[in-house]
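Report on the structure given below.
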Amino acid sequence: MKKSLVLITIILVAVILLSCLLLFSLFQKIPEKKENNLPPISTEIKTEIPTEIQPKTDSTFRVSSPLSNQTISSPITISGEARGTWFFEGTFPIRLVDANGVFIASTIAQAQGSWTTDAFVPFKAELIFSSPSTSVGTLIFEKDNPSDLPENADARRIPITFQTQQRTVSLFFYRSEKDLDANGNIQCSDKGLEVVTRTIPMTVTPIQDVIRLVLQGELTEEERMRGLGTEYPLPGVTLKGTNLSNGILTLELTEPENKTSGGSCRVNILRLQIETTAKQFPEVTEVRFLPDSLFQP
1 MKKSLVLITI
11 ILVAVILLSC
21 LLLFSLFQKI
31 PEKKENNLPP
41 ISTEIKTEIP
51 TEIQPKTDST
61 FRVSSPLSNQ
71 TISSPITISG
81 EARGTWFFEG
91 TFPIRLVDAN
101 GVFIASTIAQ
111 AQGSWTTDAF
121 VPFKAELIFS
131 SPSTSVGTLI
141 FEKDNPSDLP
151 ENADARRIPI
161 TFQTQQRTVS
171 LFFYRSEKDL
181 DANGNIQCSD
191 KGLEVVTRTI
201 PMTVTPIQDV
211 IRLVLQGELT
221 EEERMRGLGT
231 EYPLPGVTLK
241 GTNLSNGILT
251 LELTEPENKT
261 SGGSCRVNIL
271 RLQIETTAKQ
281 FPEVTEVRFL
291 PDSLFQP
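Read in order, the letters of the sequence shown are residues 1 to 297 in UniProt numbering.
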């Protein structure tokens, strides 16, 4: 009996020892967890300052004057170079439009050498234009396309800025202190008119521009302190149209409330302001008004 217990004990001990050896051997075979050697992810955002963008070289067409967004005035000389294929009979058209795409003027560019080549050929043109209604516009260089086929059409556009041209004009307002007779009575004559100057944009209708300024009746504080005055503006009185023929300027005004009438002295001053202002232009020798009911006492 004792021998059996001893044998069982020996077997159990052997089993336990064997189990320990197996477990130890198993743990030895499991690789240790390696540290993460990857570089940490950076959360910093790198901002690179871009270098100045260089203008893209056009392999067909180049303009040397005017440059993009250059300020121009009339007349302007346009120059550059284009491949010979851009020309037809040594020319191609140039158009000028305003900011709304409205046509202003056009001209023809002339090749400054033989255009029957694929190489660059210098060109030159002169463009004369009137004052536009917008401050910016576009020069359009069109490839001459006698075939009118869409696949042969091409164009280049250059944005430009118009130089603001101005002119100084005269307006006439009334100063009663200058128009007194020997007894101190107001004469209601042109002796009481006094000139003031205004600077206005250069347009093709300067006469209309100055007449409208008179009808607006705007005086500076300094001019009023000098004693200048006017009854303009009058309600409803506006310039409707003008016609200049053989030195005779006809002004058509709207007058829905008969505001230009009412006393010979008042009427004469109102009329003289407009007439004298209009006659600053040498082409105006006489001023007439429509309708005939205007400026009646």
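All C-beta atoms, glycine included, are put in the ideal place defined by N, C-alpha and C.
At what residues does the beta strand (DSSP E) containing residue i begin and finish?
i: Ser293; result: First-last for Ser293: undefined, no H or E at that position.
i: Pro93; result: Thr91 to Asp98
i: Arg167; result: Gln166 to Tyr174
i: Phe141; result: Val136 to Glu142
i: Leu249; result: Ile248 to Thr254
What is the residue span of the alpha helix (DSSP H) that residue i lies within?
i: Arg266; result: Ser264 to Ala278
Just mark residue i as buried or exposed, buried being the case when its beta carbon has 16 or more other beta carbons within 10 Å.
i: Asp58; result: exposed
i: Thr230; result: buried
i: Asp181; result: exposed
i: Lys56; result: Its pLDDT being 48, under 50, Lys56 is placed unreliably in this model, and the coordinates cannot settle the point.
i: Pro132; result: buried
i: Leu294; result: buried
i: Val121; result: buried
i: Ile76; result: buried
i: Ile211; result: buried
i: Ala155; result: exposed
i: Lys143; result: buried
i: Gln166; result: exposed
i: Leu149; result: exposed
i: Ile248; result: exposed
i: Ala153; result: exposed
i: Ile274; result: buried
i: Thr277; result: buried
i: Glu286; result: exposed
i: Glu177; result: exposed
i: Gly262; result: exposed
i: Leu38; result: Annotation note: pLDDT 45 at Leu38 (below 50); position unreliable, no value reported.
i: Gly137; result: buried
Mind checking whether residue i and residue j have CB atoms under 9 angstroms apart?
i: Val284; j: Ile158; result: no
i: residue 338; j: Phe103; result: Residue coverage of the chain in this structure runs from 1 to 297, which leaves residue 338 outside it and unanswerable.
i: Ser68; j: Ser79; result: no
i: Ile94; j: Ala125; result: yes
i: Asn268; j: Ser189; result: yes
i: Val195; j: Leu215; result: no
i: Leu193; j: Leu139; result: no
i: Gly236; j: Pro256; result: yes
i: Ala99; j: Ser135; result: yes
i: Phe173; j: Val63; result: no
Is any non-hydrogen atom of the ligand GTP found closer than 8 angstroms to the C-beta of residue i, if you look at the structure I gave you?
i: Phe61; result: The ligand GTP is not part of the structure shown, which contains no ligands of any sort.
Since I believe residue j is in contact with residue i (beta carbons under 8 angstroms), could you give me their beta-carbon distance rounded to a whole number of angstroms?
i: Thr254; j: Leu234; result: Actually they are not in contact, since the Cβ atoms of Thr254 and Leu234 sit about 10 angstroms apart, beyond 8 angstroms.
i: Thr161; j: Pro201; result: Actually they do not touch by this definition, with Cβ atoms about 15 angstroms apart.
i: Gly227; j: Arg175; result: 5 angstroms
i: Ser264; j: Pro291; result: So it is not a contact: roughly 19 angstroms between Cβ atoms.
i: Phe289; j: Leu251; result: 6 angstroms
i: Ala105; j: Ile72; result: In fact, because the Cβ distance is near 11 angstroms, the residues do not count as touching under 8 angstroms.
i: Thr91; j: Gln112; result: About 11 angstroms separates the two Cβ atoms, so there is no contact after all.
i: Thr220; j: Thr197; result: At roughly 11 angstroms, the Cβ-Cβ gap does not stay under 8 angstroms, so Thr220 and Thr197 are not in contact.
i: Ala82; j: Thr60; result: 7 angstroms
i: Val204; j: Ser114; result: About 40 angstroms separates the two Cβ atoms, so there is no contact after all.
i: Asp179; j: Lys191; result: 5 angstroms
Looking at chain D, is there any beta carbon in it that lies within less than 9 angstroms of the beta carbon of residue i?
i: Arg198; result: Structure shown: chain D not included; a single protein chain is present.
**OP:** May I have a chain-ordered list of the alpha helix (DSSP H) segments no shorter than 4 residues that lie completely inside the segment 57-128?
**Re:** none
Original post:
Can you list, in chain order, the stretches of the alpha helix (DSSP H) that have 4 or more residues and sit fully within the segment 155-239?
Top reply: 206-216 and 221-225
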